[in-house]
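Have a look at the structure below before the remarks.
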């Protein structure tokens, strides 16, 4: 009888264990993560004092994606002596309509990383500021570059050419291995990411291991869901054209047209080509195939562009090479995961109106490099994960400033039937047209040269106060008095939700966060 009870208890326990394993497996599959047990890889100093692995078959860092962020990160970590394995889905030259404008702050990060030569030999154009157009009026906003070397400015170029230069630069290091393949899943053991599984172009499947896996697979990442809480918003689409032999009103400047319903951008991408990006708000764009898009561009958009650009614009539309791309924004909301980290557009996105994406990515790489430099052993994943929590705080001054400015400016620059929003838009244009600190302050924020969130908020509400002053002077009317509070309320409704998504404490009071002071782990 006792034997039967014992046997029944054992059988019941085995069934429960099998059921429990099944539940855990299903949960991990929903996260898109495979479970594989791996052996530990010990990190040591190599003979030349650089960090490396004792096992030559393993990398120190795996990077998923070789776009701007992945390629720059591979070179940066490789230059510090780490063995880097990069997996990129497609190694051919990308052909995109965004990621073509690098702000001066981003160029300074290129210099800091030793990658400034990647904008050479690709016919990149120097950018010295912006020109703003509204209702036949225009103003020029120049970058404040007097304190810097003459080479320091913005750069605009073909995105694919820039990326190929970055890839070539990273693979010039013998300890960086770039391979074409599609990563199908991350590998997890006991809550720690140990590496990833990938499939090569010919269909063969491989497994790669490293103490740290960094996911940089872009805005359409299929791996980030297990590493963050992605809340992706698609407020609009960009319709892209290339204007040939077009002379912009202000050479070596980006041009922003405050059109109806939303902004239009022009900037050079080579010595003979100008990129045009027409913002189309909403979740749907006119069809290219049936000619609806061409009709929209020639009848709605063309009459709103400056006369100097009109003919090249219409010629580009008639040529027919029209491209579209969704504009995505996603605040950084990571789940700190031992053995893994998110970077680039897979981690954080903002509206591309201000061209700040590459500046944020390169700034993040500088922060991460500085955090990893003191470490030679990356194998203690839980300790490393706790230490790298400081990354999310240290990146905030640059990232939150550019993210907030991009989201706020897009909403302010977009047309609206609401009278308060119209006054807000006009007030912003007039405020920037004042010159002096009223233009140099905001443009230094946009350029990434002055990443101060508090300065951004002060300028934003200075625009609101200026707008109220315009309404009340010289003689207020009941209608204009009523619009004033609505203008301030509208600006608050724009900026405060963005600040909340960025994190008020991290954005304005980072020194109050314990991770801000986190020191490198002590090597035992």
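Numbering (the numbering used here), first residue to last: 1 to 524.
A virtual CB, placed ideally from N, CA and C, is assigned to each residue, including glycine.
Could you name the residues of the same chain whose beta carbon sits closer than 7 Å to that of residue i, not counting the 5 residues immediately before and after it, in chain order?
i: residue 380; result: 521
i: residue 292; result: 286
i: residue 508; result: 453 and 454
i: residue 106; result: 358, 359, 362 and 448
i: residue 47; result: Any reading at residue 47 must be qualified, since the residue scores a pLDDT of 34, below 50, and its modelled position is unreliable; the value itself is stated next. Once the five neighbours on either side are set aside, residue 47 has no close Cβ partner at all.
i: residue 456; result: 401, 404, 405 and 445
i: residue 302; result: 310, 313 and 314
i: residue 261; result: 281, 414 and 415
i: residue 419; result: 483
i: residue 450; result: 444
Considering only residues of the same chain and omitting the five flanking positions on each side of residue i, which have a CB-CB separation below 6 Å?
i: residue 519; result: none
i: residue 296; result: 286
i: residue 308; result: 249
i: residue 156; result: 100, 101, 125, 127, 267, 268 and 269
Closest to residue i by C-alpha separation, out of the options, would be which residue?
i: residue 282; options: 470, 308 and 235; result: 235
i: residue 354; options: 408, 348 and 93; result: 408
i: residue 136; options: 71, 259 and 251; result: 259
i: residue 438; options: 464, 112 and 114; result: 464
i: residue 81; options: 193, 306, 376 and 416; result: 376
i: residue 467; options: 478, 456, 453 and 486; result: 486
i: residue 187; options: 115, 62 and 114; result: 62
i: residue 169; options: 194, 98 and 79; result: 79
i: residue 492; options: 431, 404 and 444; result: 404
i: residue 193; options: 385, 473, 421 and 482; result: 385
i: residue 225; options: 107, 348 and 370; result: 348
i: residue 99; options: 108, 351 and 392; result: 351
i: residue 331; options: 345, 323 and 318; result: 345
i: residue 274; options: 313, 490, 92 and 160; result: 313
i: residue 90; options: 310, 202 and 401; result: 202
i: residue 200; options: 179, 219 and 191; result: 179
i: residue 115; options: 427, 390 and 362; result: 362
i: residue 537; options: 185, 167 and 184; result: The structure shown does not extend to residue 537, since the chain spans only 1 to 524, so no value can be given for it.
i: residue 60; options: 391, 212, 514 and 112; result: 212
i: residue 425; options: 435, 414 and 433; result: 414
i: residue 390; options: 87, 74 and 371; result: 371
Below 8 Å on the Cβ atoms is my contact criterion, and I expect residue i with residue j to pass it. Report the Cβ-Cβ distance as a whole number of Å.
i: residue 69; j: residue 325; result: That pair is no contact at about 18 Å.
i: residue 366; j: residue 223; result: Not quite, the Cβ-Cβ distance comes to about 23 Å (not below 8 Å), so this is no contact.
i: residue 228; j: residue 335; result: 6 Å
i: residue 145; j: residue 130; result: No, residue 145 and residue 130 are not in contact; Cβ-Cβ is about 13 Å, not under 8 Å.
i: residue 411; j: residue 506; result: About 22 Å separates the two Cβ atoms, so there is no contact after all.
i: residue 97; j: residue 254; result: Incorrect: roughly 15 Å between the Cβ atoms, too far for contact.
i: residue 527; j: residue 401; result: Residue 527 is absent from the model: the chain starts at 1 and stops at 524.
i: residue 161; j: residue 122; result: 4 Å
i: residue 133; j: residue 257; result: 5 Å
From which residue to which residue does the beta strand (DSSP E) around residue i run?
i: residue 195; result: 192–200
i: residue 506; result: No beta strand (DSSP E) holds residue 506; the alpha helix (DSSP H) holding it covers 504–508.
i: residue 206; result: 205–209
i: residue 155; result: 154–156
i: residue 185; result: 176–189
i: residue 223; result: Note, residue 223: premise wrong, no beta strand (DSSP E); not H, not E.
i: residue 137; result: 137–142
i: residue 337; result: Premise fails: residue 337 is in no beta strand (DSSP E) and is neither H nor E.
Starting from residue i and walking both ways along the alpha helix (DSSP H), at which residues does that stretch end?
i: residue 288; result: Note, residue 288: premise wrong, no alpha helix (DSSP H); not H, not E.
i: residue 231; result: Counting along the chain, residue 231 falls outside any alpha helix (DSSP H), and DSSP gives it neither H nor E.
i: residue 466; result: 453–472
i: residue 68; result: 68–79
i: residue 168; result: 159–171
Which same chain residues end up closer than 8 Å to residue i when comparing Cβ atoms and leaving out the 5 residues on each side of it in sequence?
i: residue 316; result: 241, 242, 243, 244 and 276
i: residue 321; result: 241 and 242
i: residue 526; result: Because the chain here runs from 1 to 524, residue 526 falls outside it and cannot be looked at.
i: residue 93; result: 160, 161, 163 and 164
i: residue 306; result: 133, 138, 249, 255 and 257
The ligand NAP and residue i: does the residue's C-beta get closer than 7 Å to at least one heavy atom of that ligand?
i: residue 232; result: In the structure shown, the ligand NAP is absent, as is every other ligand, since no ligand is present at all.
List, from N- to C-terminal side, the beta strand (DSSP E) runs of 3 residues or more that fit wholly inside the stretch 93–134. 125–127 and 129–134
Extract the residue ranges of the beta strand (DSSP E) inside the stretch 350–381, only unbroken runs of 3 or more that lie entirely within it. none
Only counting runs of 4 or more residues, tell me where the alpha helix (DSSP H) segments fall wholly within the stretch 255–332, in order along the chain. 292–296 and 307–319
Within the stretch 395–462, note down every full beta strand (DSSP E) run reaching 3 residues or more, in order along the chain. none
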